[in-house]
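Engineer: Residue numbers for the sequence shown follow my numbering, beginning at 1 and rising by one. Heads up, the beta-carbon is just placed ideally off N, CA and C, and yes, glycines get one too. Predicted model only: the values in this text are computed from it and were never measured. Sharing a structure here in structure tokens format.
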Amino acid sequence: MRYRYLGRAGIQVSELSLGSWVTFKNQVDVKAAVECMGAAHEAGVNFFDNAEVYAHGKSEEIMGAALKQLGWRRSSYLVSTKIFWGLEDSVNEHDTLNRKRLIEGINGSLRRLQLDYVDIFFCHRPDPNTPIEETVWAIHNIIESGKALYWGTSEWSAGEIAAAIEIAERHHLHKPVTEQPEYNLFRRERFEKEYARIFKDYRYGSTIWSPLASGLLTGKYGNGIPQDSRATLKGYDWLRSRLTDKNNLAKVQALEPIASELGCSLAQLSIAWILQNPNVSTVITGASRVEQVRENMQAVEVAPRLTPEIMNRIDDIFGVKKDDEE
Ligand SMILES: NC(=O)c1ccc[n+]([C@@H]2O[C@H](COP(=O)([O-])OP(=O)(O)OC[C@H]3O[C@@H](n4cnc5c(N)ncnc54)[C@H](OP(=O)(O)O)[C@@H]3O)[C@@H](O)[C@H]2O)c1
Numbered sequence: 001m002r003y004r005y006l007g008r009a010g011i012q013v014s015e016l017s018l019g020s021w022v023t024f025k026n027q028v029d030v031k032a033a034v035e036c037m038g039a040a041h042e043a044g045v046n047f048f049d050n051a052e053v054y055a056h057g058k059s060e061e062i063m064g065a066a067l068k069q070l071g072w073r074r075s076s077y078l079v080s081t082k083i084f085w086g087l088e089d090s091v092n093e094h095d096t097l098n099r100k101r102l103i104e105g106i107n108g109s110l111r112r113l114q115l116d117y118v119d120i121f122f123c124h125r126p127d128p129n130t131p132i133e134e135t136v137w138a139i140h141n142i143i144e145s146g147k148a149l150y151w152g153t154s155e156w157s158a159g160e161i162a163a164a165i166e167i168a169e170r171h172h173l174h175k176p177v178t179e180q181p182e183y184n185l186f187r188r189e190r191f192e193k194e195y196a197r198i199f200k201d202y203r204y205g206s207t208i209w210s211p212l213a214s215g216l217l218t219g220k221y222g223n224g225i226p227q228d229s230r231a232t233l234k235g236y237d238w239l240r241s242r243l244t245d246k247n248n249l250a251k252v253q254a255l256e257p258i259a260s261e262l263g264c265s266l267a268q269l270s271i272a273w274i275l276q277n278p279n280v281s282t283v284i285t286g287a288s289r290v291e292q293v294r295e296n297m298q299a300v301e302v303a304p305r306l307t308p309e310i311m312n313r314i315d316d317i318f319g320v321k322k323d324d325e326e
């Protein structure tokens, strides 16, 4: 495993990390979480991602119980959580980054995770109704109280990120250090174009989500929806059309010859492709079972074999035009 700095922050994250969205509670209990996190850790993973809203708090409880069993030194790994949607429907408690919610939210997350602090505290989405200044001050206070060490944004626009950094600079507050964006072979635009400036101007970090587009890029949806896959889960029907879209599946199939030339799986190729981008700090992988963790971790060995020629062939499959062709 190689490690990359989280943007301009002084900590390094493993190139691959492990997250718990969909999986923890729905597919992964404490025993399986211990197995998956254990296999990731054995491969060198030092960062585990979570969120308050995942399985309505249960995902944090499972990760907390797993960490307890695994018994690793707290200083040897990083854990994140994210807040925005909330756990209650009442006014001020959902879809917000107001001061009250953030302060109460972090306390709940720490209780469920059985931790004294999280390493990275993310604003899970931007909140157009709370002044960014209020959010930046509240998170600064959370960091000053020792309940979080660094903070980041998730799916904020480049303009919102720049505003948060500038407010923090003006008041000498802790600045956000990383974005958590979706980035994979099907979703490139925002990461590669809109965020180019924040990577250049602020050396902002990035913790990538859904590297396999929820499993689509593994090729497993080529012959219909497999049993036990994410697309069969109750409440995730909205994913089904994307995972079975004929155009998407044709692109995935076209990657197969490249994967076989490299002697790797489609999952490994797709994750390795993300690692080629120097603006990526870590790719947060997801897995419903330990075999997937073991397979995905090997993407770090595939990444150095992606030559410019292979990268161009992949661009052609996904219809990406080079700048001089535009
Ligand atoms: N900030 C945000 O808004 C946001 C949003 C989404 C995710 N995230 C973070 O990013 C993490 C990763 O996202 P994701 O779970 O969507 O990642 P993903 O890599 O796109 O999808 C992971 C899923 O694909 C399937 N899979 C993975 N490896 C496989 C393999 N080798 N062979 C066959 N199937 C495989 C598994 O599902 P099945 O076995 O069920 O098919 C697995 O749960 C999350 O856990 C979360 O921490 C953040």
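Can you give me the Cβ contacts of Asp-121 inside the same chain, cut-off strictly under 6 Å, excluding the 5 residues immediately before and after it?
Structural biologist: Here the sequence assigns Phe to residue 121, which means Asp is not the residue at that position. Excluding positions up to five away in sequence, the list reads Ala-148, Trp-151.
Engineer: State the start and end residues of the unbroken alpha helix (DSSP H) segment that holds Trp-238.
Structural biologist: Note, Trp-238: alpha helix (DSSP H), 237 to 243.
Engineer: Beta carbon of Ile-142: closer than 8 Å to some heavy atom of ligand 1?
Structural biologist: Every heavy atom of ligand 1 is 8 Å or more from the Cβ of Ile-142, so no.
Engineer: Grab the span of the alpha helix (DSSP H) containing Trp-273 for me, first residue to last.
Structural biologist: Counting along the chain, the alpha helix (DSSP H) containing Trp-273 begins and ends at 266 to 275.
Engineer: If you count every other CB in all the chains shown that lies within 10 Å of the CB of Leu-212, and 16 or more means buried, which is it?
Structural biologist: With 16 or more other Cβ atoms within 10 Å, it is buried.
Engineer: One question on the structure: do Ile-198 and Glu-182 come within less than 9 Å of each other, judged by their Cβ atoms?
Structural biologist: No.
Engineer: In whole angstroms, what is the alpha-carbon distance linking Thr-96 and Leu-239?
Structural biologist: When rounded, the distance between both Cα atoms is 25 Å.
Engineer: Can you check whether the CB of Leu-78 is closer than 9 Å to the CB of Ile-11?
Structural biologist: In this structure, Leu-78 lies closer than 9 Å to Ile-11 by Cβ.
Engineer: Based on the DSSP output, what are the partners of Ala-33 in its beta bridges?
Structural biologist: Paired residue(s): none; Ala-33 is not in a bridge.
Engineer: Taking DSSP's pairing of strands, which residues face Thr-232 in a bridge?
Structural biologist: DSSP lists no partner for Thr-232.
Engineer: Is Asp-119 close to ligand 1? I mean its beta-carbon at under 8 Å from any heavy atom of the ligand.
Structural biologist: Not so, every heavy atom of ligand 1 lies at least 8 Å from the Cβ.
Engineer: Work out the CA separation of Ile-317 and Gly-224 for me, nearest whole Å.
Structural biologist: The alpha-carbon atoms of Gly-224 and Ile-317 are separated by roughly 22 Å.
Engineer: For ligand 1, any of its heavy atoms closer than 8 Å to the Cβ of Leu-113?
Structural biologist: Not under cutoff, so the answer is no.
Engineer: Sort out for me which residues DSSP pairs Tyr-5 with in a bridge.
Structural biologist: Paired residues: Gln-12.
Engineer: Would Asn-50 and Gly-19 be called neighbours here (beta carbons separated by less than 9 Å)?
Structural biologist: Cβ atoms of Asn-50 and Gly-19: closer than 9 Å.
Engineer: Tell me whether Ala-213, by its Cβ, gets closer than 8 Å to a heavy atom of ligand 1.
Structural biologist: Ala-213 Cβ: within cutoff of ligand 1.
Engineer: Just to confirm, is the Cβ distance from Tyr-3 to Phe-24 under 9 Å?
Structural biologist: Their beta carbons are not under 9 Å apart, which means Tyr-3 does not touch Phe-24 by this criterion.
Engineer: To which residues does DSSP link Ala-148 through a beta bridge?
Structural biologist: Per DSSP, Val-118.
Engineer: Is it a yes or a no for the region 228 to 243 touching the region 264 to 279, going by three-plus beta-carbon pairs under 8 Å?
Structural biologist: No, they do not touch.
Engineer: Assuming Leu-173 contacts Trp-137 (C-beta within less than 8 Å), just tell me the rounded distance between them.
Structural biologist: Rounded, the Cβ-Cβ distance is 7 Å, consistent with contact.
Engineer: Would you say the beta carbon of Trp-209 comes nearer than 8 Å to a heavy atom of ligand 1?
Structural biologist: Indeed, a heavy atom of ligand 1 lies less than 8 Å from the Cβ.
Engineer: With the cut-off set at 9 Å, would you say Leu-16 and Val-300 are in Cβ contact?
Structural biologist: Against a cut-off of 9 Å, the Cβ pair of Val-300 and Leu-16 comes out as a contact.
Engineer: With three or more C-beta pairs closer than 8 Å as the rule, is the region 25 to 39 touching the region 102 to 116?
Structural biologist: No, the region 102 to 116 is not in contact with the region 25 to 39.
Engineer: Using the Cβ count rule (16 or more neighbours within 10 Å means buried), how would you classify Gln-268?
Structural biologist: By the neighbour-count rule (16 or more Cβ atoms within 10 Å), Gln-268 is buried.
Engineer: My assumption, with CB atoms under 8 Å, is that Thr-218 sits in contact with Leu-266. Please give the rounded CB distance.
Structural biologist: The Cβ separation is near 6 Å, so the contact holds.
Engineer: Which residue from His-140, Lys-321, Asn-184 puts its Cα closest to that of Ile-106?
Structural biologist: That would be His-140, whose Cα lies nearest to the Cα of Ile-106.
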